[in-house]
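Participant: Residue numbers (this note's numbering): 2 to 239. Here a beta-carbon is modelled for each residue, glycine too, at the ideal position from N, C-alpha and C.
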Amino acid sequence: MVRLRGGAAVAVVLVFAVAGCKAETKTGSGGPQETGGGGAALTAAEALTVKGRAPKTGYSREQFGTAWADTDSNSCDTRDDILKRDLEDVRFTGGTCKVSYGVLESDPYSGKEVTYRRGRSLVDIDHVVALSDAWQKGAKYWDASKRIALANDPLNLIAVDASTNRSKGDGDTATWLPPNKGYRCTYVAAQVAVKKKYQLWVTTAEKAAMEKVLKTCPGQKLPSGGNPTEAPARFHAG
């Protein structure tokens with residue numbers, strides 16, 4: 002099934018079924034799409050580089066630039082772009098960027114319905130690969146442009162229930178999976194896709210956990226797309 006969320010042409014996103022490991026593709030202008038043949042996610046996970054976790058020393062959110070920078074230059078910040086993409090019944094304030102209301106009909110992480118109202122913290126935009134995790138697995142050695150790109154890439158972002166998301170922290174697959182078991186294959190496939198795209202490594206335990214999940218859904222495809230891996234030169238990180 003193909004449809005557009007929020008009544009606007011926004012980034013393409015995979016929206017995954019609440020049960021099992023099947024997925025449907027939503028079309029728009031430039032987010033993740035299914036790609037590759039059966040088993041592409043497991044194959045990609047098996048090919049990820051394995052190293053130990055680097056120290057967290059030096060990490061701060063500012064190393065990834067100003068939160069929700071408009072790196073795709075559509076005059077809307079990244080947070081609102083993802084809200085428009087992922088919510089239903091979207092309403093705006095002051096134009097067509099600032100989302101004031103919407104419904105997360107089936108939260109990927111918990112499976113429950115969540116209502117978004119601007120100013121209330123019931124919906125988070127989660128970095129599927131947490132920025133702190135990325136920092137410890139390669140991003141600390143990048144230039145600012147690549148870190149800013151990762152922080153604002155639709156491939157690495159999803160609207161989710163805030164309370165469920167906050168139990169994740171900066172966990173990787175070895176330490177946290179969504180309580181909604183039917184979403185785990187697609188969640189892990191998304192983490193694999195981001196780590197492959199940005200050439201982030203994984204720990205031994207993380208890779209084993211990824212493979213364990215994906216072996217339960219050997220036909221799981223790998224999402225792709227999103228933004229370039231370098232942000233425009235006008236963006237800077239501290």
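1) Could you pull out every unbroken alpha helix (DSSP H) segment of at least 4 residues lying fully inside the region 92-150, listed in chain order?
2) S133 and D87 look like a contact to me (Cβ under 8 Å); what is the Cβ gap, rounded to whole Å?
3) Classify G53 as buried or exposed, calling it buried when 16 or more other Cβ atoms lie within 10 Å of its own Cβ.
4) To which residues does DSSP link E231 through a beta bridge?
5) Spell out the partners DSSP gives E89 in its beta bridges.
6) Is DSSP giving A210 helix, strand or coil here?
7) In three-state DSSP terms, what is L178?
8) Short of 6 Å in beta carbon distance, which residues of its chain neighbour Q221, apart from the five on each side in sequence? Order them along the chain.
9) Could you say which of T174, Q192, P179 and S146 lies nearest to N157 if we only look at CA atoms?
Facilitator: So, to answer that:
1) You should have 132-137.
2) Working through the sequence shown from its first residue, we reach residue 133 at position 132. Working through the sequence shown from its first residue, we reach residue 87 at position 86. So it is not a contact: roughly 23 Å between Cβ atoms.
3) For the purposes of this step, residue 53 is taken as residue 52 along the sequence shown, with counting starting at 1. The C-beta of G53 has fewer than 16 other C-beta atoms within 10 Å across all chains shown, which makes the residue exposed.
4) For the purposes of this step, residue 231 is taken as residue 230 along the sequence shown, with counting starting at 1. The beta-bridge partner set that DSSP reports for E231 is empty.
5) Position 88 of the sequence shown holds residue 89. In the DSSP output, where bridge partners are listed per residue, E89 has V104.
6) For the purposes of this step, residue 210 is taken as residue 209 along the sequence shown, with counting starting at 1. In the structure shown, the three-state DSSP call for A210 is helix.
7) Along the sequence shown, read from residue 1 onward, the residue named residue 178 stands at position 177. If DSSP states are grouped into helix, strand and coil, L178 belongs with coil.
8) If you number the sequence shown from 1, residue 221 lands on position 220. Taken in chain order, the residues that qualify are C22, A42, C186, A190 and L215.
9) Here residue 157 refers to the residue found at position 156 when the sequence shown is read from its first residue. Of T174, Q192, P179 and S146, the residue nearest in Cα terms is Q192.
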